[in-house]
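This report refers to the structure that appears directly beneath it.
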Amino acid sequence: MLDPSRNDGSPEQRSPWSEHDQVASSSSPALDSFAKSDNQNQLDYLVPEEERADAGTPGETQLPEDPVEDLAQNFSQASTFSGPGMEGSMRTACLQAVERFEAQRDWQPDVVQRVLAELNAVVKANTPSPADQLKREELLQRTCALVEEGLGDWVGMHVEPYGSFVSGLYTPSGDVDIAIEGHRRDRFGGPEVPVVELDKEEKAQILKALSKKLERKRMTKGRIERILFARVPILKYTDLVTGIDCDVSVGSGCARFKSTVLRFLGQLDRRFIALTCLVKKWARTHNMNDASNGTFNSFALTLMVAFHLQTQQPPILPPLCEIFQQAADSVAKDALVRPLHGGRQAAPGVLEAAHARLPEYQGYGAANSATVLELFASFFASFQVAIESWTNKQKMRPVRASTWSGDWTYRRWGKNYLFGVEDPFDITDNCSRTIFAKALPQIVRAFASASYALERLSSADGAMRVLRHLFVEPNPQFLPPPLARQSRNQRQAQQAAAAAANQAVRGLGPRGPPRDQLRQEAIQILDLAPGPGSAFVPSCIPVTPPMSHSVHLQVTSPPRSCLGSLIGAMATHRSCAPRQSPMAKP
Numbered sequence: 057m058l059d060p061s062r063n064d065g066s067p068e069q070r071s072p073w074s075e076h077d078q079v080a081s082s083s084s085p086a087l088d089s090f091a092k093s094d095n096q097n098q099l100d101y102l103v104p105e106e107e108r109a110d111a112g113t114p115g116e117t118q119l120p121e122d123p124v125e126d127l128a129q130n131f132s133q134a135s136t137f138s139g140p141g142m143e144g145s146m147r148t149a150c151l152q153a154v155e156r157f158e159a160q161r162d163w164q165p166d167v168v169q170r171v172l173a174e175l176n177a178v179v180k181a182n183t184p185s186p187a188d189q190l191k192r193e194e195l196l197q198r199t200c201a202l203v204e205e206g207l208g209d210w211v212g213m214h215v216e217p218y219g220s221f222v223s224g225l226y227t228p229s230g231d232v233d234i235a236i237e238g239h240r241r242d243r244f245g246g247p248e249v250p251v252v253e254l255d256k257e258e259k260a261q262i263l264k265a266l267s268k269k270l271e272r273k274r275m276t277k278g279r280i281e282r283i284l285f286a287r288v289p290i291l292k293y294t295d296l297v298t299g300i301d302c303d304v305s306v307g308s309g310c311a312r313f314k315s316t317v318l319r320f321l322g323q324l325d326r327r328f329i330a331l332t333c334l335v336k337k338w339a340r341t342h343n344m345n346d347a348s349n350g351t352f353n354s355f356a357l358t359l360m361v362a363f364h365l366q367t368q369q370p371p372i373l374p375p376l377c378e379i380f381q382q383a384a385d386s387v388a389k390d391a392l393v394r395p396l397h398g399g400r401q402a403a404p405g406v407l408e409a410a411h412a413r414l415p416e417y418q419g420y421g422a423a424n425s426a427t428v429l430e431l432f433a434s435f436f437a438s439f440q441v442a443i444e445s446w447t448n449k450q451k452m453r454p455v456r457a458s459t460w461s462g463d464w465t466y467r468r469w470g471k472n473y474l475f476g477v478e479d480p481f482d483i484t485d486n487c488s489r490t491i492f493a494k495a496l497p498q499i500v501r502a503f504a505s506a507s508y509a510l511e512r513l514s515s516a517d518g519a520m521r522v523l524r525h526l527f528v529e530p531n532p533q534f535l536p537p538p539l540a541r542q543s544r545n546q547r548q549a550q551q552a553a554a555a556a557a558n559q560a561v562r563g564l565g566p567r568g569p570p571r572d573q574l575r576q577e578a579i580q581i582l583d584l585a586p587g588p589g590s591a592f593v594p595s596c597i598p599v600t601p602p603m604s605h606s607v608h609l610q611v612t613s614p615p616r617s618c619l620g621s622l623i624g625a626m627a628t629h630r631s632c633a634p635r636q637s638p639m640a641k642p
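Counting in the numbering used here, the sequence shown runs from 57 upward without gaps.
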C-alpha cells in the first residue's frame, strides 16, 4: 500500500493518454465524506497576458500603488531582481512563522500517527483507480474518433487531454479537459491552418459543429452548455457512457505543457501529489478554490504546493529552472529563459529535453524525511504570513512565489495585483490574478484558522475535530483569538446595520414598499452587504406586500476602525405626490 507521506521510486510505464502513477483507490470510514471532485479546469491559461490585459482581470485593484516601471525594462533584468530587500523580508518572515509554529504546536505522538493515517486515507479516497483512468481513456478515444471523422466541412483535427488528467492530479469524480488540436482544412482541398492560429470566432464554429454531432449521435447526458462568446470558447457536457463531465476547447498547447510539467514533479516525489490533494480538498471545503468568486484557481494552488516543497530545508523539489535551463540551451538556443514567455508556444523539443533530465533528479528530496502532516501544517504556517504581508503591505505585492527560481523573488507586475504566484513558464503571468479585494478577509481567515487548528493535536477527539474543520465543515472555534475578536466585531457591526434597517422601516404605513428591500438597501448603503469576505449574514425580516409608496433612506455612519464599529442610522421617508386617476392626463 502506498504511503504518500514518503518519497517513492522510479517512474512507471504510463498510458499514451495520461502519464501519471496508478494508485488503487480506498477509503476511510471516518472520512468517507472527504472524497469530493476537483472540477477546476485550466482554460484561463490558454489566453496570453496581452489578451487578458485587454479584457481586464478580477485580480486588479484600484488601490493606490507606486508607478509601474516599463515592462520591457523589467523583463530585461534578471529574474531574481532584488527590490529593497523585500524578497528577503518575505523569506525570513515565512521561515520564522514555521519556527514559531513548531515551537507552539502541541502534538502527541500517538495522535500524530492517527492523524497521519487519516490524511493518507483522504489522499487514497481522492486517488483515481486504474478503472477510473481506463474510463477516461475510452472517453477520449470515442471523442477523438468523432473529431477525426470531420466536423462539418472541416477535417484534419484530433483531440488531446490536458489539465488534471495529464498532470495525474485528478480525482475519481473529476472532469476531463479536452482540446481539439491539429490542422484544420476543408474537405475541398483548402489550405491547412493550425488550430492554435484560429481566432475566437473560428474556434467557436468548430465547437458548434462538434456540439451538433454529439447531439445527433446522442453521446451526452442532458444538455450541452455552449460558452462560445467567452475569451476561451468552450463546450461543457456530461458523457453518456461514463457520466464524466467534459470541457472541450480548441487548442491548448500552453495548458498541456504546464500539465505535463506538473506530472514530472509528481514523478520526482510522491509527497507533491499527496500534499496537492490535501490542499485542494481543504480549499474546496473553505471556498478557496473558486476563481469566479475571487479566490484561487487550481493551478495557483498547485504551484503554491510545489513552491512550499522547493523552499524546505533541505529542498524536496528542484527549481524548475534547473530542469529547463539546459533544455532551452541545448534544443533552442534562441529561446527565452521561460519556455512560454509572453504566451508563445514552447520551442520544439524543450519539453522532451526536460523530461530526459528527470532521472538526474530522482531522489532529490530523499534527504528530507518530513511527513505529509508536517508539510501540510508548515504550508499554512508559511503562506499565512505571506498572505497577510500581501494583504496589509502594498510594498510586498511585487514579491513573487517563483517555482522557476524555487525562491521568493521581487519584480513588479504589469498591473496592480493583490497576491504574487508567478507562472514559472511566463514571467508576465500572475496565476493569483483572480484574487478579489473583497475576498481577502475570507482568505486570511481560512489560512489562519488552518494553521491555528493544526497546532492542536494533543488528543484524539480534538484531532478529529481539527480534521472535520479542515475537510468537512469549517468551525469558527479554530479562529485565532485576534481574528475571532475581529469576527465578533464584524458580526456586531452587521447586527447594528440590520437593526438600523429594521428601525428605518418600522414606522412606515401600510402603503410603504417591501420591508426587506428597504432593509437590504440600508445594509448596502452601510457597505456591509454580505459578500465573499463575510462570515456572518444578518437574518431576514418579514416581507410585506409591495405598495406604491416611495421612501428615501438617509443613513449615516461614524468612522470605522479595522475591527469594525457600531453603525448608527436614521431613516426618513418622503411621500410621493398624490396618485393621479387612471384617466388623468400626464
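We put the beta carbon where it would ideally sit given N, CA and C, even for glycine.
As the structure is a prediction and not an experimental result, all values here were calculated from the model.
| Item | Value |
| --- | --- |
| Sufficient close CB pairs (3 or more, under 8 Å) joining the region 297-305 to the region 482-496 | no |
| Complete runs of the beta strand (DSSP E) confined to the region 429-501 [at least 3 residues] | 455-458 and 463-466 |
| Per-residue DSSP class, three states only, for Ala509 | helix |
| Outcome for Arg326 when other beta-carbon atoms lying within 10 angstroms are tallied against a minimum of 16 | buried |
| Test item: CB-CB of Asp162 and Leu429 under 8 Å | no |
| Proximity of Ala442 and Met146 at Cβ, strictly below 8 Å | yes |
| Rounded C-alpha distance that separates Ala516 from Leu496 | 33 Å |
| Cβ neighbour criterion (16 or more within 10 Å) applied to Gln133 | Confidence in Gln133 is poor, its pLDDT being 37 and thus under 50, which makes the residue's placement too unreliable to answer from. |
| First and last residue of the uninterrupted beta strand (DSSP E) at Ala422 | Here Ala422 belongs to no beta strand (DSSP E), and DSSP marks it neither H nor E. |
| Candidates Pro454, Ile236 and Gly208: closest to Leu196 by CA position | Ile236 |
| For Tyr508, the nearest candidate out of Val154, Ala149 and Lys336 (CA to CA) | Val154 |
| Sequence-distant residues of its chain with Cβ nearer than 8 Å to Pro370 (five each side left out) | Gly421, Ala423 and Asn424 |
| Option in Leu318, Thr298, Leu296 and Ser438 with minimal Cα separation from Ile379 | Leu318 |
| Sub-8 Å separation of Phe328 and Leu365 beta-carbons | yes |
| Identity of the residues DSSP links to Gly238 by a beta bridge | Met213 |
| Secondary structure of Ser305, DSSP reduced to three states | strand |
| Neighbourhood of Leu539 by C-beta, 7 Å cutoff - its chain only, sequence neighbours within 5 removed | Arg501 and Ala504 |
| His411 versus Ser461: straight-line alpha-carbon distance, rounded | 18 Å |
| C-alpha gap between Lys277 and Arg198, whole angstroms | 15 Å |
| Reduced DSSP secondary structure (H/G/I, E/B, other) of Glu281 | strand |
| Whole-Å CB distance - Leu263 paired with Pro289, under 8 Å assumed | 6 Å |
| Nearest-angstrom Cα separation, counted from Pro247 out to Arg340 | 46 Å |
| Reduced DSSP secondary structure (H/G/I, E/B, other) of Pro532 | helix |
| Beta-carbon proximity list for Trp469, same chain, < 6 Å, skipping 5 on both sides | Asn486 |
| Cβ neighbours of Ala433 in the same chain (closer than 7 Å, five flanking residues each side left out) | Phe157 and Leu510 |
| Contact the region 473-483 vs the region 451-458: 3+ CB pairs below 8 Å | yes |
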